[in-house]
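Here the structure is laid out as structure tokens; the discussion comes afterwards.
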Amino acid sequence: MGQPRKTLLTTSRNPTPRIRTFCRDLARVMPNIAYVNRGKMSNDDVAEKAIECGADRVMINDRGQGGLGILRLFTVTESGLTEASPTMHFAAKLQEFGVPNVRPVVSISVQASNRSDELARLAASLSGFFGLPIPSDEQEYKSALTIMSISRGESGKIAVTFMAEPRHIEVGPRITVSRLEW
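When the sequence shown is numbered by the numbering used here, its final residue is 215 and no position is left out of the sequence of numbers.
Now the structure itself:
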């Protein structure tokens, strides 16, 4: 995969304080993410801001019904923003209290105990989008400092968590994906 890609993270035009907190939490644990308040920026303005920041990717947290909502992924092209897959409808538990000494995520893992094609496809998509490796063996997994873990929770929904190793401490927002749009 090479180096992690630079990504601009922003919100919908009228975000709630909870959406802003989620974006700050996510930017704190993900590598090479620049978070900016959107304000009145259009999508073209967001693309220009990404270029100013040296980012070739954009994530927009759109407001959904009653929750944090929808996370949309884009690549920055000469003609503006081009949507990438998947779009994630989600809810999240925030880490508003903060966790000291957080290191950015260095790899993405899929929990082997409940691996599925859908989880593997999501991991591959996020790995490509962020330029993060998927550990190929247990040794690589154990040597990672912080991992984005993708698994299926008890409810059957996809859970994305950020874990600092080797102590296995949750350090970022816990994302529960209710629906993926490919």
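For glycine and all other residues, C-beta sits at the position ideal for the given N, C-alpha and C. Predicted, not measured: the structure shown is a model, and the values here were computed from it.
Exposed or buried, D219, counting other C-beta atoms within 10 Å across all chains shown (16 or more means buried)? A question about residue 219 goes unanswered here, because the residues of the chain that appear run from 34 up to 215.
K190 - DSSP class collapsed to helix/strand/coil: coil
For the structure I just gave you, are there three or more beta carbon pairs, one from the region 58-66 and one from the region 111-118, closer than 8 Å? no
Nonlocal neighbours in the same chain, by C-beta distance under 6 Å from R212, ignoring five residues either side: H122
Rounded to whole angstroms, what is the Cα-Cα separation between R207 and Q128? 8 Å
What does the alpha-carbon distance come out to for the pair G189 and T40? 30 Å
Beta carbon of A24 nearer than 9 Å to that of V210: For residue 24 there is no data in the structure shown, the boundaries of the chain being 34 and 215.
Supposed close pair A117, F55 - CB separation, criterion 8 Å: The Cβ separation is near 20 Å, so there is no contact.
For T49 versus I93, is the C-beta spacing smaller than 9 Å? no
Distance, I84 Cα to F162 Cα: 16 Å
For K73, tell me which candidate among N47, V139 and G97 has the shortest Cα-Cα distance. N47
As assigned by DSSP and simplified to three states, the class of P50: helix
Cβ-based neighbour list, S160, same chain, cut-off 8 Å, excluding 5 preceding and 5 following: M34, I141, P166 and I167
Output the distance between the C-alpha atoms of L104 and S158, rounded to the nearest integer angstrom. 14 Å
Here's a check: name, in chain order, each residue in its chain whose Cβ is nearer than 8 Å to the Cβ of A156, leaving out the five neighbours to either side. I141, S142, V143, I167 and I183
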